[in-house]
Amino acid sequence: MGNGMSRRRHNLRMNPNPNEGVPMIFGSSPIGDPITDWRIPARLYPPAEHQDQGDKKCGSCWAFAALGAVEMHWAIEMDRVIMLSKQDLVDCVPEAKGCESGDIEKALLHVKTFGVSRAEDYPYVAETQDCNSDIPGYMTIGGYDRIKGDKAVAAALDWTPVPAGVHLTQELQFYVSGVFESEGCSNSYRHMNHAVTIVGHYEDAWIVRNSWGPSFGLQGHYLLKKGTCAAGKYCMTVKGPFKVLE
């Protein structure tokens, strides 16, 4: 799967200046209020980050999707936000191909088995390097499970953010607000080419945390119509205990 999913590389990139001569997408309003929303409270919500850095393009959405969920759990555990190292996963998950592609399940397996470093100790550089085993792991998770289907994802969101594979199309880069839906967005598992973290939902839409920085969409998020774009076809829960590595 692509830029986060190991089957194929995802090469979709945001237009660096989406306000210059390109369409902007405003979807319809979601139905009702959020049923679940991990962005609240804001003080315990990790800031949205960008998988690319300047001119360096890195297909590491799989690492951001997996660790986004872990960071949210860890913030509640520690009562403060502590950012974890996506570069650690890019460099050190042997089953992945770094900035070329990776898989959210393999990322979570690595965190469970070996732990993950803090971002401040193993900074993100948006390129694949040799694994630096001299940098110590910082924390670990108790486990994870694979789930499938809208009902299972909605139930899981009561107790965990959900790393997920999705299919996305070029027009998502022009998203501004509202519920995104696209006729060109496949709902097939085979077409997934991106990884995200589902952090909540409305009656008709998922709240999706992307890895295109805080200037994208709704402070780094978008609302995705349920039953579209393969959301719910390949998803993971993240389980404790969450522990500091000794």
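First residue of the sequence shown: 120, per this note's numbering; consecutive thereafter.
C-beta: ideal position from N, C-alpha, C; glycine also.
Source: prediction; values computed, not measured.
Own chain partners of residue i with C-beta closer than 8 Å, once the 5 adjacent residues on each side are dropped
i, result
"I266", "V272, A275, V281, C354, M355, T356"
"V244", "Q172, K175, Q206"
Residues that DSSP places opposite residue i in a beta bridge
i, result
"I326", "G319, L342"
"W331", "H169"
"D156", "G319"
"S147", "V298"
"V244", "DSSP, once it has assigned bridges, lists no residue as partnering V244."
"V141", "Paired residues: none, contrary to the question."
"G303", "Partner(s): none; G303 has no beta bridge."
Reduced DSSP secondary structure (H/G/I, E/B, other) of residue i
i, result
"V200", "coil"
"G262", "strand"
"W278", "coil"
"R162", "helix"
"C354", "strand"
"V363", "strand"
"D253", "coil"
"G187", "helix"
"L131", "Confidence in L131 is poor, its pLDDT being 39 and thus under 50, which makes the residue's placement unreliable; the coordinate value appears in the next sentence. In the structure shown, L131 sits in coil (DSSP, three-state: anything other than H, G, I, E or B)."
"A273", "helix"
"H310", "helix"
"A182", "helix"
"A194", "helix"
Minimum C-alpha distance to residue i - residue among the options
i, options, result
"L337", "N312, S296, E302, V315", "S296"
"Q206", "A182, L228, E190, E224", "A182"
"E214", "E190, Y243, C250, I195", "C250"
"H192", "W278, A245, Y257, D269", "W278"
"V209", "I201, P360, I223", "I223"
Cβ shell of residue i (< 6 Å), same chain only, five flanking positions each side left out
i, result
"R132", "For R132, the predicted model reports a pLDDT of 39, less than 50, meaning its position is unreliable and no value from the coordinates is stated."
Beta-carbon contacts of residue i that lie in its chain and below 7 Å, excluding the five residues immediately before and after
i, result
"R328", "A167, G187, V315, T316, V318, G339, H340"
"A161", "none"
First through last residue of the alpha helix (DSSP H) which encompasses residue i
i, result
"V230", "223-233"
"V209", "205-211"
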